[in-house]
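Trainee:
2 protein chains.
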Amino acid sequence: MREVFQSELLEVQERLVDISRSVVTILEKATDAFLTNNVSQADQALEISDANEDKALALDELVIKILARQSPVARDLRVLVSALRISASLERMGALACHLASIARYRFPGSAVPDSLRKTFEEMSALDIQLAKKLTEVLQNADVDLARAIQAEDERVDELHRSVFEVVLSDNWKENAMFTVDVTLASRYFERFADHVVEISSKVTYLTTGEWHETE
Amino acid sequence: MREVFQSELLEVQERLVDISRSVVTILEKATDAFLTNNVSQADQALEISDANEDKALALDELVIKILARQSPVARDLRVLVSALRISASLERMGALACHLASIARYRFPGSAVPDSLRKTFEEMSALDIQLAKKLTEVLQNADVDLARAIQAEDERVDELHRSVFEVVLSDNWKENAMFTVDVTLASRYFERFADHVVEISSKVTYLTTGEWHETE
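Residue numbers (the working numbering), protein chains in the order written: chain A, 1 to 216; chain B, 1 to 216.
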């Protein structure tokens with residue numbers, strides 16, 4: 001019985017890693033769409049995200065079946081409850097990435113990114129992609145050091161998020177309201193995406209070490 | 001054993017209703033702060049939201065204890081898993097309301113709401129408060145008809161959300177970038193708040209009738 005349970009837990013973990021990998025792909029395509037006005041990449045991001053939602057739903061069903069069959073307690077129970085939360089966060093990350101892709105679609109053939117903020121958004125995109133890749137590793141190896149590194153990197157995303165508002169609210173900002181709306185929302189999506197990475201990695205750290213890192 | 005379990009389920013439900021009631025209070029204070037530049041209301045919203053996060057955390061712990069002690073299956077198990085998700089959504093709704101309160105704090109003594117969008121935001125505030133109150137009733141009575149009414153009202157929130165962008169992107173919009181940023185984010189917070197109400201009420205409908213209403 002214990003062996004069956006262990007192999008079921010492993011399957012849950014593998015599925016979380018798989019969903020996390022898809023989120024990386026969605027974000028790569030969505031940021032490419034956002035930064036280079038590439039509508040075909042935007043469409044692909046939206047398509048993969050749809051499939052990912054189905055995967056998350058199927059994972060939740062699996063977790064509920066395991067809970068019913070195995071009646072786990074203590075740490076095993078917490079791992080499964082956390083899996084449900086991680087799956088919800090990963091699904092949300094895919095949706096946030098898709099919002100970036102949608103901005104690109106709306107503005108096509110124009111760009112959603114004004115020149116004055118191009119570097120900032122390139123850095124935010126690269127950071128979020130990096131964070132999503134590290135998260136996949138954390139989920140695969142329960143790597144606690146990596147989980148801590150993630151928290152430090154999130155601070156840089158927050159810094160960039162604040163810097164977007166500094167630029168937009170400065171006297172030098174000459175862009176129209178459309179750009180103001182786009183960059184405000186896009187910056188918020190990047191920041192929330194990174195927040196979810198931190199929340200998930202905190203959960204993995206907690207499950208592995210028992211230490212709880214407050215994420216908010 | 002079954003009686004103990006029933007009384008534990010009832011406690012979970014009562015706590016969800018209590019947290020949902022607090023979310024109504026947080027939103028009432030936050031929208032008042034946002035619409036009338038009332039910093040003291042903003043502070044109170046933030047304070048109640050902090051307490052609410054603790055309540056949500058305590059509820060999650062209770063649910064995990066019940067899962068461990070009672071090893072529920074079938075519908076009972078689904079009710080408890082849903083309680084975890086509803087608690088996470090309610091916590092998030094409190095946080096979204098607090099973002100509105102924070103906008104008011106940043107802009108004080110000025111207003112975060114330009115005259116041209118005052119009516120829109122008053123309607124959005126009233127609708128979100130109404131939705132949050134109905135949600136409390138849905139959680140209390142598993143009222144499926146009310147859950148359906150909620151889904152219709154959310155459509156009006158989405159309409160208002162789109163209308164904010166129409167105003168901001170029209171030639172008549174003469175406000176500065178600060179207002180553009182504030183109304184863009186505020187409108188998004190109102191819309192997300194209503195989304196969470198719909199998601200939770202769909203879960204209650206599903207648990208009560210077995211019918212799943214897609215919310216996205």
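All residues carry an ideal CB built from backbone N, CA and C; glycine is no exception.
Can you give the Cα-Cα distance for residue 213/B and residue 86/B, rounded to whole angstroms?
Mentor: Here residue 213/B refers to the residue found at position 213 of the second sequence. Here residue 86/B refers to the residue found at position 86 of the second sequence. Per-residue confidence for residue 213/B stands at a pLDDT of 46, beneath the threshold of 50, marking its modelled position as unreliable; no derived number is given.
Trainee: Are the beta-carbon atoms belonging to residue 104/A and residue 34/A less than 7 Å from one another?
Mentor: For the purposes of this step, residue 104/A is taken as residue 104 along the first sequence, with counting starting at 1. For the purposes of this step, residue 34/A is taken as residue 34 along the first sequence, with counting starting at 1. Taking 7 Å as the Cβ cut-off, residue 104/A and residue 34/A qualify as a contacting pair.
Trainee: Taking any Cβ of chain A, which residues in the segment 137 to 152 of chain B have a Cβ under 8 Å from it, in chain order?
Mentor: Cβ contacts with chain A: none found.
Trainee: In terms of alpha-carbon separation, which member of 127/B, 23/B, 197/B, 41/B lies closest to residue 156/B?
Mentor: Residue 156/B sits at position 156 when you count from the first residue of the second sequence. With distances taken between Cα atoms, residue 156/B lies closest to 127/B.
Trainee: Quick check on DSSP: helix, strand or coil for residue 52/B?
Mentor: On the second sequence, position 52 is the one that residue 52/B refers to. Helix, per DSSP.
Trainee: Counting only beta-carbon atoms, is residue 178/B nearer than 7 Å to chain A?
Mentor: In the second sequence, residue 178/B corresponds to position 178, counting from 1. Taking Cβ atoms only, chain A reaches closer than 7 Å to residue 178/B, which makes this a yes.
Trainee: Suppose contacts are defined by Cβ-Cβ distances below 7 Å. Is residue 208/B in contact with residue 152/B by that definition?
Mentor: One-based indexing of the second sequence puts residue 208/B at position 208. One-based indexing of the second sequence puts residue 152/B at position 152. No.
Trainee: Can you tell me the Cβ-Cβ gap for residue 135/B and residue 201/B, rounded? I've got them flagged as a contact below 8 Å.
Mentor: Working through the second sequence from its first residue, we reach residue 135/B at position 135. Working through the second sequence from its first residue, we reach residue 201/B at position 201. Yes, they are in contact, since the Cβ atoms of residue 135/B and residue 201/B sit about 6 Å apart, within 8 Å.
Trainee: Quick check on the burial criterion: 16 or more other C-beta atoms within 10 angstroms. Buried or exposed for residue 197/B?
Mentor: Walking along the second sequence from the start, residue 197/B turns up at place 197. Buried, since its Cβ has 16 or more Cβ neighbours within 10 Å.
Trainee: Is there a C-beta anywhere in chain B that falls below 7 Å from the one on residue 77/A?
Mentor: Position 77 of the first sequence, counting from 1, holds the residue named residue 77/A. Taking Cβ atoms only, chain B reaches closer than 7 Å to residue 77/A, which makes this a yes.
Trainee: What did DSSP end up calling residue 200/B once you bin it into helix, strand or coil?
Mentor: The sequence position of residue 200/B within the second sequence is 200, counting from 1. Of the three classes helix, strand and coil, the one that applies to residue 200/B here is helix, per DSSP.
Trainee: Residue 103/B versus chain A: which residues are under 7 Å apart at the beta carbon?
Mentor: Within the second sequence, numbered from 1, the residue matching residue 103/B stands at position 103. Neighbours of residue 103/B on chain A: none; closest Cβ ~12 Å, over 7 Å.
Trainee: Give the range of the alpha helix (DSSP H) segment to which residue 73/B is assigned.
Mentor: On the second sequence, position 73 is the one that residue 73/B refers to. Per DSSP, residue 73/B belongs to no alpha helix (DSSP H) and is neither H nor E.
Trainee: Could you list which residues in chain A have their beta carbon closer than 8 Å to that of residue 64/B, in chain order?
Mentor: On the second sequence, residue 64/B is found 64 positions in, with the first residue counted as 1. In chain order: 77, 78, 81.
Trainee: Please state whether DSSP places residue 113/B in a helix, a strand or coil.
Mentor: Taking the second sequence and counting its residues from 1, the one referred to as residue 113/B is at position 113. It is coil, neither helix nor strand.
Trainee: Return the chain-ordered list of same chain residues with a C-beta closer than 6 Å to the C-beta of residue 13/B, the five sequence neighbours on each side being excluded.
Mentor: Working through the second sequence from its first residue, we reach residue 13/B at position 13. Excluding sequence neighbours, residue 13/B sits near nothing in its chain.
Trainee: Out of 70/B, 77/B, 138/B, 117/B, which one is the CA nearest neighbour of residue 174/B?
Mentor: Stepping through the second sequence from its first residue, residue 174/B is reached at position 174. Selected option, being the one with the closest Cα: 117/B.
Trainee: What distance in whole Å lies between the Cβ atoms of residue 22/A and residue 98/A, which are believed to be in contact at a cut-off of 8 Å?
Mentor: To locate residue 98/A, count along the first sequence from 1; it is residue 98. To locate residue 22/A, count along the first sequence from 1; it is residue 22. With 8 Å as the limit, residue 98/A and residue 22/A do not qualify as a contact, their Cβ atoms being about 12 Å apart.
Trainee: Have a look at residue 11/B and residue 89/A and give me their C-alpha separation to the nearest angstrom.
Mentor: Counting from one through the second sequence, the residue named residue 11/B turns up at place 11. Counting from one through the first sequence, the residue named residue 89/A turns up at place 89. So the alpha carbons of these two residues sit roughly 27 Å apart.
Trainee: Any idea what DSSP makes of residue 193/B, helix, strand or coil?
Mentor: Residue numbering aside, residue 193/B sits at position 193 when the second sequence is read from its first letter. Helix, per DSSP.
Trainee: The alpha helix (DSSP H) with residue 147/B in it runs from where to where?
Mentor: The residue labelled residue 147/B in the question sits at position 147 within the second sequence. Counting along the chain, the alpha helix (DSSP H) containing residue 147/B begins and ends at 144 to 168.
Trainee: Please determine if the segment 178 to 193 of chain A and the segment 181 to 193 of chain B are in contact, where contact requires at least 3 C-beta pairs separated by less than 8 Å.
Mentor: These segments touch.
Trainee: Name the chain B residues whose beta carbon is nearer than 8 Å to that of residue 181/A?
Mentor: Position 181 of the first sequence, counting from 1, holds the residue named residue 181/A. Neighbours of residue 181/A on chain B, chain order: 165, 168, 169, 180, 184.
Trainee: So, is the C-beta of residue 197/A closer than 7 Å to a C-beta in chain B?
Mentor: By 1-based counting over the first sequence, the position of residue 197/A is 197. Judged by the 7 Å Cβ criterion, residue 197/A is not in contact with chain B.
Trainee: Under 6 Å: does the beta carbon of residue 161/B sit that close to some heavy atom of the ligand ZN?
Mentor: Judged by which ligands are present, the structure shown has none, so any question about the ligand ZN falls away.
Trainee: Do three or more CB pairs link the segment 28 to 44 of chain A to the segment 108 to 122 of chain A at distances below 8 Å?
Mentor: The segment 28 to 44 of chain A, when compared against the segment 108 to 122 of chain A, does touch it at the 8 Å Cβ threshold.
Trainee: For the alpha helix (DSSP H) containing residue 108/A, name the first residue and the last one.
Mentor: Your numbering for residue 108/A matches position 108 in the first sequence. Careful: residue 108/A lies outside any alpha helix (DSSP H) and carries neither H nor E.
Trainee: Nearest chain A C-beta to residue 68/B closer than 7 Å, yes or no?
Mentor: Here residue 68/B corresponds to residue number 68 of the second sequence, with the count starting at 1. At least one chain A Cβ lies under 7 Å of residue 68/B.
Trainee: Have a look at residue 72/A and residue 6/A and give me their C-alpha separation to the nearest angstrom.
Mentor: Counting from 1 along the first sequence, the entry for residue 72/A is found at position 72. Counting from 1 along the first sequence, the entry for residue 6/A is found at position 6. Near 11 Å, if we compare the C-alpha coordinates of residue 6/A and residue 72/A.
Trainee: Output needed for residue 59/B: all residues of its chain with C-beta closer than 6 Å, excluding positions within five of it in sequence on either side, in chain order.
Mentor: Translated into the one-based positions of the second sequence, residue 59/B becomes position 59. 15, 87, listed in sequence order.
Trainee: Compute the Euclidean distance between the alpha carbons of residue 130/B and residue 123/B, then round it to the nearest angstrom.
Mentor: Reading the second sequence from its first residue, position 130 is the one you call residue 130/B. Reading the second sequence from its first residue, position 123 is the one you call residue 123/B. Roughly 10 Å separates the two Cα atoms.
Trainee: When you compare each of 46/B, 150/B, 115/B to residue 217/B by their alpha carbons, which one comes out closest?
Mentor: Since the first residue of chain B shown is 1 and the last is 216, residue 217/B is not available in this structure.
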